[in-house]
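Numbered continuously in my numbering, the sequence shown closes out at residue 557.
Glycine residues also receive a C-beta, built at the ideal position from the N, C-alpha and C atoms.
No experiment lies behind these values; they were computed from the predicted model shown.
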Amino acid sequence: MNNKICKYLCIVTLLVAGISTLIHAERDDFGLSRNMEILVNLMRELSSAYVDNADPDTMMQGAALGMVRSLDPYTEFISEKDLKTFEVLTTGRYSGIGSLIRQKDDYVRISQPYKGSPADKAGLKIGDKILEVNGKDARGFTTEQVSSELKGESGTTVKLRVEHLDGSVRKYEIRRERILIPGVPYAGWLSDSIGYVRHSDFSEGCYEEVRAAISKMHETGRLKGLVMDYRSNGGGFLQEAVKILSLFLPKDTEVVSTKGRDKRPLEVYRTESNPLFPDLKLAMLINGSSASSTEIVTGSLQDMDRAVLLGQRSFGKGLVQTTLPTGYNSMVKVTTAKYYIPSGRCIQAIDYSHSQQGIVKTVPDSLINEFKTRNGRKVYDGGGIMPDIALEPEYMSRFAVTLFAQGFIEDFGDEWTRRHPDAVVDPLTFSITDEDYADFVEFMKNKKVDYKSETRRIMDILQRTADEEQFKDLAADLKRMSEELKDDTQSNLATYRNQLVESINTNLIQRHAYTEGVVAHSLLTDKEVQRAVELLNDPAEYRRILTEQDTQKK
Numbered sequence: 004m005n006n007k008i009c010k011y012l013c014i015v016t017l018l019v020a021g022i023s024t025l026i027h028a029e030r031d032d033f034g035l036s037r038n039m040e041i042l043v044n045l046m047r048e049l050s051s052a053y054v055d056n057a058d059p060d061t062m063m064q065g066a067a068l069g070m071v072r073s074l075d076p077y078t079e080f081i082s083e084k085d086l087k088t089f090e091v092l093t094t095g096r097y098s099g100i101g102s103l104i105r106q107k108d109d110y111v112r113i114s115q116p117y118k119g120s121p122a123d124k125a126g127l128k129i130g131d132k133i134l135e136v137n138g139k140d141a142r143g144f145t146t147e148q149v150s151s152e153l154k155g156e157s158g159t160t161v162k163l164r165v166e167h168l169d170g171s172v173r174k175y176e177i178r179r180e181r182i183l184i185p186g187v188p189y190a191g192w193l194s195d196s197i198g199y200v201r202h203s204d205f206s207e208g209c210y211e212e213v214r215a216a217i218s219k220m221h222e223t224g225r226l227k228g229l230v231m232d233y234r235s236n237g238g239g240f241l242q243e244a245v246k247i248l249s250l251f252l253p254k255d256t257e258v259v260s261t262k263g264r265d266k267r268p269l270e271v272y273r274t275e276s277n278p279l280f281p282d283l284k285l286a287m288l289i290n291g292s293s294a295s296s297t298e299i300v301t302g303s304l305q306d307m308d309r310a311v312l313l314g315q316r317s318f319g320k321g322l323v324q325t326t327l328p329t330g331y332n333s334m335v336k337v338t339t340a341k342y343y344i345p346s347g348r349c350i351q352a353i354d355y356s357h358s359q360q361g362i363v364k365t366v367p368d369s370l371i372n373e374f375k376t377r378n379g380r381k382v383y384d385g386g387g388i389m390p391d392i393a394l395e396p397e398y399m400s401r402f403a404v405t406l407f408a409q410g411f412i413e414d415f416g417d418e419w420t421r422r423h424p425d426a427v428v429d430p431l432t433f434s435i436t437d438e439d440y441a442d443f444v445e446f447m448k449n450k451k452v453d454y455k456s457e458t459r460r461i462m463d464i465l466q467r468t469a470d471e472e473q474f475k476d477l478a479a480d481l482k483r484m485s486e487e488l489k490d491d492t493q494s495n496l497a498t499y500r501n502q503l504v505e506s507i508n509t510n511l512i513q514r515h516a517y518t519e520g521v522v523a524h525s526l527l528t529d530k531e532v533q534r535a536v537e538l539l540n541d542p543a544e545y546r547r548i549l550t551e552q553d554t555q556k557k
């Protein structure tokens, strides 16, 4: 048996042991041992007896996926090949040139160089076409292939041949660096006394970014209230969340605990330092994509009556993952516990313990429990974090999202930039003109947009069903209504003009002022941020909410 097969047999054994020891061992030791032996024997026999060469990598991936599939979406096997991607996702760090890339036609293009990154310092811009990478013709390369060439050990170099939007071609030799994706892409003032911090993820070191951003505003002596924007922050390192809570809560305050299968506390986390901003008024924005560590920070501050939350109910991810080595640079990430915040509630919204039918389910109303904040306000478990002030999310049409996803917004941004190479774009005042939008409408002619409105989709189903069931009059009416429905590309370009103008503005501002400029521009019309500022400027209402107002149950 070759060494590769032996390696994966060892991984199978360790993987089964890692998951099963945590989940099943104490229930059925014989079953654990029996199934480990069966799995190892199965892989050995397949590798030696199958009619064609059986790839051990493929068999290993299939076995791992099969084992974790019946558990929950967060328990996963991480192969040696995927380990670097896992590191980037969890730490926000990698070594490379520091730019997002995208596919267009036969080439990969620069999509967003991070400010101050090697790509940015070298002069690469959004829209640049990568013709060669490390001496290889990049025509036909996928984004994965180009990414693997761009990444490497810090201090090494990558050679590129690039075609700019003006048609000029230039060669680059760029030294790779350790790239840190900022956890705080923007911080600034919303008014003379109200500050703002956009916290996008809980990557390693984000606490220092948050502390520095608030301290810079606090040192002016003007800071009376702070809006912290946690919308679409999917979480990250728990330790960073605890340190951020230490900025606002007294030392030694219990902010989160974890409990395993037997419901006994596994670990209790407390603030470790005296707060730097103990009396600063806080308004925090959340939405349905705010999850995990975000829910620990916002939920704990809500439980301690230390901040008012605005927006929509959060995602509801209260599960703890532990990474365990399985040999040969592979790992298994296993859900081992649940998070509980100070009031005693668990924020997990989905019950992943499978029923006999093998389905997962949301926590039913009958099992939702009431808890109390420090001031006695009612809060509830079983469904994420409910905001103190519920706000309707801004509507974004699927048509506008589809144009962005298919690359049409960025393609037009390239065209606009070619026509306006010397344009000055101020994030606080810039917008495309009516003539620019007319050019975009013309640009979209004959473009294939993979979009069908929900109204059209439902109408097609009704019409087809009416035809099948021979409701002739109804089918005729539906056909007439369908013909009157204006949801073709050109009609949608008129219907959703305002959203598309902002999408184009965002793309062009990104090219000139990076993510900071995009956020600064968005704040000018952000109704949720404006509502948070109104609240912070109303001390009586702020105090009333924190002392009297219960949250909604659902």
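Helix or strand or just coil, what does DSSP make of residue i?
{"i": "M334", "result": "strand"}
{"i": "M63", "result": "helix"}
{"i": "I548", "result": "helix"}
{"i": "V522", "result": "helix"}
{"i": "G224", "result": "coil"}
{"i": "A286", "result": "strand"}
{"i": "A559", "result": "Since the displayed the chain opens at 4 and closes at 557, residue 559 lies outside it and no answer follows."}
{"i": "K482", "result": "helix"}
{"i": "E397", "result": "coil"}
{"i": "F240", "result": "coil"}
{"i": "V271", "result": "strand"}
{"i": "F474", "result": "coil"}
{"i": "L527", "result": "coil"}
{"i": "S295", "result": "coil"}
{"i": "L406", "result": "helix"}
{"i": "R264", "result": "coil"}
{"i": "I392", "result": "strand"}
{"i": "V366", "result": "coil"}
{"i": "S317", "result": "coil"}
{"i": "P430", "result": "coil"}
{"i": "Q351", "result": "coil"}
{"i": "I247", "result": "helix"}
What does the Cβ neighbour count give for residue i, buried or exposed, with the cut at 16 atoms within 10 Å?
{"i": "D131", "result": "buried"}
{"i": "M307", "result": "buried"}
{"i": "M389", "result": "buried"}
{"i": "K455", "result": "exposed"}
{"i": "Q115", "result": "buried"}
{"i": "M220", "result": "buried"}
{"i": "W419", "result": "buried"}
{"i": "M484", "result": "exposed"}
{"i": "L549", "result": "buried"}
{"i": "L285", "result": "buried"}
{"i": "T301", "result": "buried"}
{"i": "T554", "result": "buried"}
{"i": "T78", "result": "buried"}
{"i": "Y97", "result": "buried"}
{"i": "I512", "result": "buried"}
{"i": "D429", "result": "exposed"}
{"i": "N56", "result": "exposed"}
{"i": "F318", "result": "buried"}
Only counting the same chain, and skipping five residues up and downstream in sequence, which positions put a Cβ closer than 7 angstroms to that of residue i?
{"i": "L25", "result": "Caution applies to L25, whose pLDDT of 49 falls short of 50 and renders its modelled position unreliable; the value that the coordinates give is listed next. Excluding positions up to five away in sequence, the list reads V337, T339."}
{"i": "Y398", "result": "none"}
{"i": "R479", "result": "Checking the sequence shown, residue 479 turns out to be Ala, not Arg. Once the five neighbours on either side are set aside, A479 has no close Cβ partner at all."}
{"i": "K118", "result": "Y517"}
Apart from the five residues just before and just after residue i, which ones in its own chain have a Cβ nearer than 6 angstroms to its Cβ?
{"i": "G239", "result": "D204, F205, S206, S296"}
{"i": "L3", "result": "In the structure displayed, the chain extends from 4 to 557; residue 3 sits before or after that span and is not available."}
{"i": "P268", "result": "S260, K262"}
{"i": "C559", "result": "An answer regarding residue 559 cannot be provided, because it is not within the stretch 4 to 557 covered by the chain."}
{"i": "T159", "result": "R179"}
{"i": "T326", "result": "M334, K336"}
{"i": "M349", "result": "Inspection of the sequence shows that residue 349 is occupied by Cys rather than by Met. So the list reads G321, K341, Y343, D384, once near-sequence residues are dropped."}
{"i": "I392", "result": "L313"}
Whose C-beta lies closer than 8 angstroms to the C-beta of residue i among residues of the same chain, with five residues either side of it excluded?
{"i": "K375", "result": "S346, K381, V382"}
{"i": "N256", "result": "The amino acid at residue 256 is misidentified as Asn; the sequence shows Thr. L248, R273, T274, M307, P345."}
{"i": "Y499", "result": "S400, F402, A403"}
{"i": "N332", "result": "E83, L86"}
{"i": "D459", "result": "Strictly speaking, residue 459 in this sequence is Arg, with Asp absent from that position. Correct list, in chain order: S485, L488, D490."}
Is the closest heavy atom of the ligand FAD to the C-beta of residue i under 7 angstroms?
{"i": "A67", "result": "Ligands in the displayed structure: none, and consequently the ligand FAD is not present."}
Contact the segment 167 to 181 vs the segment 505 to 513: 3+ CB pairs below 8 angstroms: no
The segment 340 to 352 / the segment 52 to 67 touching (three or more Cβ pairs under 8 angstroms): no
At least three beta-carbon pairs within less than 8 angstroms, the segment 285 to 296 to the segment 528 to 547: yes
Segments of 3+ residues assigned as beta strand (DSSP E) that fall wholly inside the segment 118 to 181: 132 to 136, 160 to 166, 172 to 178
Three-pair Cβ contact test at 8 angstroms for the segment 164 to 176 versus the segment 129 to 148: yes
Validate contact between the segment 516 to 523 and the segment 491 to 498 using beta carbons, cut 8 angstroms, 3 pairs: no
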